[in-house]
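S.K.: If you scroll down you'll find the structure; I have some questions about it.
2 protein chains.
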Amino acid sequence: MIGQEVIAAFQALLGAKGVVADADDIAPWLSDWRGRYHGAAAAILQPDSTEQVAAAVALAAKLRVPLVPQGGNTSMVGGATPPADGSALILSLRRMNRIRSLSPRDNLVICEAGVILSNLHDAAAAEGRRFPLSLGAKGSATIGGLISTNAGGTQVLRHGTMRALVEGIEAVLPDGSIFHGLDALKKDNRGYDIKQLLIGAEGTLGIVTAASLRLVPAIAARAVGWVGVPSPTQALALLRLCEARLGDSVEGFEVIADDGLGHVLSHIPGARCPIETRTPWHVLIEVDHGDLSGPGPAERLEGALAEALEQGIAADAAIAANEAQAEAFWRIRESLSEAERAQGPALQYDISVPVPRMPAFMVDAAAAAEKRFPGTTASSFGHLGDGNVHFHVRAPKGTSDGPAWIAAEGQAINAFVHDTVVAAGGSISAEHGIGQMKRAELGRLASPAHLHALRAIKAAFDPQGIMNPDKLIPRPEEG
Amino acid sequence: MIGQEVIAAFQALLGAKGVVADADDIAPWLSDWRGRYHGAAAAILQPDSTEQVAAAVALAAKLRVPLVPQGGNTSMVGGATPPADGSALILSLRRMNRIRSLSPRDNLVICEAGVILSNLHDAAAAEGRRFPLSLGAKGSATIGGLISTNAGGTQVLRHGTMRALVEGIEAVLPDGSIFHGLDALKKDNRGYDIKQLLIGAEGTLGIVTAASLRLVPAIAARAVGWVGVPSPTQALALLRLCEARLGDSVEGFEVIADDGLGHVLSHIPGARCPIETRTPWHVLIEVDHGDLSGPGPAERLEGALAEALEQGIAADAAIAANEAQAEAFWRIRESLSEAERAQGPALQYDISVPVPRMPAFMVDAAAAAEKRFPGTTASSFGHLGDGNVHFHVRAPKGTSDGPAWIAAEGQAINAFVHDTVVAAGGSISAEHGIGQMKRAELGRLASPAHLHALRAIKAAFDPQGIMNPDKLIPRPEEG
């Protein structure tokens, strides 16, 4: 555990408000929100300016004290949980929660790393704009964490991941120097793109302190449809048809297996199937309109869906008649994880493969997993258009002790699913990052050239290894 | 100069076809196309497969022979010219010119680094698709070079630079290992994005051998307009209005000063001003339509321009009545550089600043340059919507010896323009990269954190310094 004299040095630097050393105040930040990872830390540093972050990192570098950057502590992979031996301090960005500027005319906002996503949504909405990235943890997740994990969500199809929305970045590098890159330059070819390197680096190369983010116009009108399709292949054909007919206005396109829908209908009060026919697969589609010229989104979506029905791509379809119905459609999608949890223990994978291969993957990988692990049921749902689904393997019916099942079967199922993904040219982490959860699997599966590049970059930026230790980069014995 | 035994070793590895050692055959590739930089090389290696590139790089690493990757040799900054002392060999990708696959349904093409841009355009067009990046050198520039310089062009406003179009990359790293990243994953959070690092690295971190590139639908119909505006501020207001009314369909938006137009009218046969009024500034705008539903592009552009005229944003406007006229409008834009050259000697800068600051920059920086260097005239034209213009400082009237003027004034004018750009939060290289031309200026102007990061990455990937030596990374004495 880090000693009192070190804490005192940080207190002298950051002031009383800048260091939390009370064990009760620290406790909630030592475990991840799912309760899978538990760490220890003698203090939380909470600087309130970029200069304070720089000073804290410089002191940490001098004292060789590792730092674990933390935003909303909503990592899905233990990426913000400190080591269990108390060898590191947490550096929280929560006091850096200012929106420095917001220009609706330029569709640009500059905000600090600690700004909570839903607060950014509100600030943009107040100016007739929106920040087109959202996810379940929006009430806690912060901009710095979203950048450091290159977060995704349901709007990636049209607007891209966080990477596509970051126009500039300010960060403190592991030697305490400040990288000033907030100027939003659409073209800048002054060598390697440091901004791109920091996005998705999970705090292992430095600490993002602020960012310039792209805004888009508020939605003037939307249409939400529910479409029953025979298979994921038809779902992808539907997406291609919609893209051809509706262009860039397709804002959401989520695919759901009928058994997933069944779990929602069983476990979520008030949920009902939007179409009359129960088809093997379902698609939730949202079409948006930035302005109100030309035909409205409902009319345009109706045209595309009529064509899909006619071509036999779709078996049944409904368009939400009003905003309440549109929200009910979306609520089904958003309740899937909760409904699956209610259904019983399951292992969940956040994976991607190239879009054209996804329909076959969804069917074949599920069948292969069920065959390899008798009694389990496997299915997937999610962002077909991004080539990214949440792939679930559920414990055999009647399994009462979930943790025991996971302890017994988890590693073999993990390896099987990840091997299948790699064989399909995919990624074992589409959205959630590597953190500590997938570190060993990354080491096992990454190519030597990839692993070498990751380690070389880490060593180049952080030769002392003080930035978010033991995250993302596989240990030597891991590959 | 590299000796015969080294050449023989590469010949043994790559075969007779894989090594060009005849001085006459090498000569055209030793100078850049503008004739500014001249190098020497005992041989050109020309492997014809990724495995051959990997073998050649591994041998070069073993023998510590630096390699200069070359595509179409169209660098604007001496980025592909070997050192003058003959200490390096050229590695040309020209034999790797296969399109490995092209899927119109998936809007994806996988092609090798040596594919020439216009050949890719043709291949995409044959399948009803297009690759939405184009530039003057398209008949020579290759995909590998375009990726390694993160090329731009006139379609960046809608489709982004090369970075936005690369979905996957295959590259040989400086130790001869192959980075296999061709799978086009829309979401992949397995740590630092190596692909992003190689894009724009100018061959200093490895050699791009192939890429997966995004295609878009062919243009079903387009409308091209010419608009006279009082100032760049109004030009930007016009862009914002068009974006609000026409959404993502604005494919081109180029701003031209009236004196630039004047040079075209004076020097380019057959050129005429598309509008009746000569206004201080002009905008060339193209609106495209992927499908033919709803109102056509001409009708939609007409509506937006009528509004602009009514609001006083525009002073005069014309829409091309047919495709021949549309091409004539574009020819004016494309003839600007040639016309400027005919006008007399000039120094040309490829710079960017944040879009909102660009209108003031265009006016103020030109006035400041003219004041600081009496007799010169300065103006700019280009991609206002990208915050990127070509900024020209022309020699005083009557200057007959251009090279002498540049020798006498060049360095001071360079420093002045670059300082002005940096003061506006901009980049001294928007599109062309650093190469050898801007290396020292990058060293002078980059922040310590930025310089440190560039050098650390270079050293991490290429500890022996064998990849495109003396390019991009400022020498120690340069900053």
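Each protein sequence line maps, in turn, to chains A and B.
When we follow the UniProt record's numbering, the leftmost residue of the first sequence carries the number 1, and every step to the right adds one.
When we follow the UniProt record's numbering, the leftmost residue of the second sequence carries the number 1, and every step to the right adds one.
Quick reminder that beta carbons are idealized off the backbone N, C-alpha and C, glycines included.
None of the values given here were measured: they were computed from a predicted structure.
1) Nearest CA to the CA of B:Gln-234: which residue from B:Glu-167, B:Ala-141, B:Gly-136, B:Ala-360?
2) So, at 8 Å on beta carbons, what are the nonlocal neighbours of A:Asp-258 in its own chain, with the 5 sequence-adjacent residues on each side left out?
3) Could you give the distance in angstroms between the alpha-carbon of B:Arg-475 and the alpha-carbon of B:Tyr-192?
4) Check B:Cys-111 in the structure and name its three-state DSSP category.
5) Any idea which residues DSSP pairs residue 510 of chain B with across the strands?
6) At a Cβ cut of 7 Å, what residues of the region 163 to 196 of chain B count as close to chain A, listed as they run along the chain?
7) How is A:Thr-142 classed by DSSP in three states: helix, strand or coil?
8) Can you round the beta-carbon distance between A:Ile-256 and A:Arg-333 to whole angstroms, since I take them to be within the 8 Å contact cut?
9) Please list, in chain order, all residues of the same chain as A:Gly-410 whose beta carbon is under 8 Å from its beta carbon, the five residues on each side excluded.
10) Compute the distance between the beta-carbons of A:Gly-78 and A:Gln-436, then report whether it is under 7 Å.
11) Compute the distance between the beta-carbons of A:Ala-141 and A:Leu-165, then report whether it is under 7 Å.
12) Please give the ranges of any alpha helix (DSSP H) in the region 234 to 312 of chain A, keeping only runs that are unbroken, at least 4 residues long and fully inside the region.
13) Return the residues of the region 455 to 468 of chain A that lie within a Cβ-Cβ distance of less than 7 Å from chain B, sorted by chain order.
14) Name the residue from A:Val-227, A:Asp-419, A:Glu-340, A:Ala-298 whose alpha carbon lies nearest to the alpha carbon of A:Ser-266.
15) Taking the C-alpha atoms as reference points, what is the distance between A:Thr-204 and A:Leu-173?
16) Identify, in the order they occur along the chain, each residue of the same chain with its Cβ nearer than 6 Å to the Cβ of B:Leu-91, setting aside the five sequence neighbours on each side.
17) Identify which residue in B:Thr-81, B:Leu-301, B:Ala-326 has its Cα closest to the Cα of residue 506 of chain B.
18) Nearest-angstrom Cα distance between B:Glu-431 and B:Asn-150?
19) For a contact meaning CB atoms closer than 8 Å, what does A:Ile-434 contact in chain B?
20) Measure the CB-CB distance between B:Met-162 and B:Ile-178 and report whether it falls below 7 Å.
21) Rank A:Val-20, A:Ala-126, A:Val-19, A:Gly-144 by C-alpha distance to the C-alpha of A:Gly-72 and give the top, closest one.
22) Check the Cβ-Cβ distances between A:Leu-472 and every residue of chain B, and say whether any is below 7 Å.
23) Assign B:Ala-407 to one of two classes, buried (16 or more other C-beta atoms within 10 Å of its C-beta) or exposed (fewer than that).
24) Identify the residues that DSSP records as bridge partners of B:Ile-394: which are they?
25) Check whether the Cβ of A:Gly-425 lies closer than 7 Å to any Cβ atom in chain B.
26) I need the boundaries of the beta strand (DSSP E) containing A:Thr-50, first residue and last residue.
27) Specify the secondary structure class of B:Ser-212 as computed by DSSP and reduced to three states.
28) What number of angstroms, rounded off, separates the C-alpha of A:Leu-451 from the C-alpha of B:Lys-187?
29) Please list the terminal residues of the continuous alpha helix (DSSP H) segment that includes B:His-121.
30) Contact criterion: CB-CB distance below 7 Å. Does A:Glu-431 meet it with respect to chain B?
31) Contact check, residue 481 of chain B vs B:Ile-219 under 8 Å by CB: the rounded distance?
32) Please confirm whether B:Asn-388 has its beta-carbon closer than 7 Å to some beta-carbon of chain A.
33) Please report the distance separating the alpha-carbon of A:Pro-269 from that of A:Gly-262.
34) Does the region 315 to 329 of chain B come close enough to the region 217 to 231 of chain B to have 3 or more Cβ pairs within less than 8 Å?
35) Can you tell me which of the three DSSP states B:Pro-403 falls into?
36) Closest by CA to B:Ser-103, which one among B:Arg-214, B:Gly-247, B:Ala-271?
M.R.: Taking the definition as stated:
1) B:Ala-360
2) Arg-278, Thr-279, Pro-280, Trp-281, His-282
3) 26 Å
4) strand
5) Outside the shown range of chain B (1 to 479) lies residue 510 of chain B, about which nothing can therefore be said.
6) Taking 7 Å as the Cβ-Cβ cut-off against chain A, the residues of the region 163 to 196 of chain B that qualify are Leu-173, Ser-177, Ile-178, Phe-179, His-180, Asp-183, Ala-184, Leu-185, Lys-186, Lys-187, Asp-188, Asn-189, Arg-190, Gly-191, Tyr-192, Asp-193, Ile-194, Gln-196.
7) strand
8) 7 Å
9) Leu-347
10) It is a contact, given that the beta carbons lie within the stated cut-off.
11) No. Outside cutoff.
12) 258 to 267, 297 to 310
13) Ala-456, Ile-457, Ala-459, Ala-460, Phe-461
14) Nearest option by C-alpha distance: A:Glu-340.
15) If you take the alpha carbons of A:Thr-204 and A:Leu-173, they lie about 10 Å apart.
16) Leu-45, Leu-67, Pro-69
17) The structure shown has nothing for residue 506 of chain B, since chain B only spans 1 to 479.
18) If I take the Cα positions, the gap works out to 7 Å.
19) Asn-189, Arg-190, Gly-191
20) no
21) Per the Cα distances, A:Gly-144.
22) yes
23) exposed
24) In the sequence under discussion, the amino acid at residue 394 of chain B is Arg, which differs from the Ile named in the question. DSSP, once it has assigned bridges, lists B:Ala-346, B:Thr-377 as partnering B:Arg-394.
25) yes
26) Segment 50 to 63 is the alpha helix (DSSP H) holding A:Thr-50; no beta strand (DSSP E) there.
27) strand
28) 19 Å
29) 117 to 125
30) Judged by the 7 Å Cβ criterion, A:Glu-431 is in contact with chain B.
31) Shown here, chain B extends from 1 to 479; a query on residue 481 of chain B therefore has no answer.
32) yes
33) 12 Å
34) Using a Cβ-Cβ distance cut-off of 8 Å, the region 315 to 329 of chain B and the region 217 to 231 of chain B are in contact, since at least three pairs of beta carbons, one from each stretch, lie closer than that value.
35) helix
36) B:Arg-214
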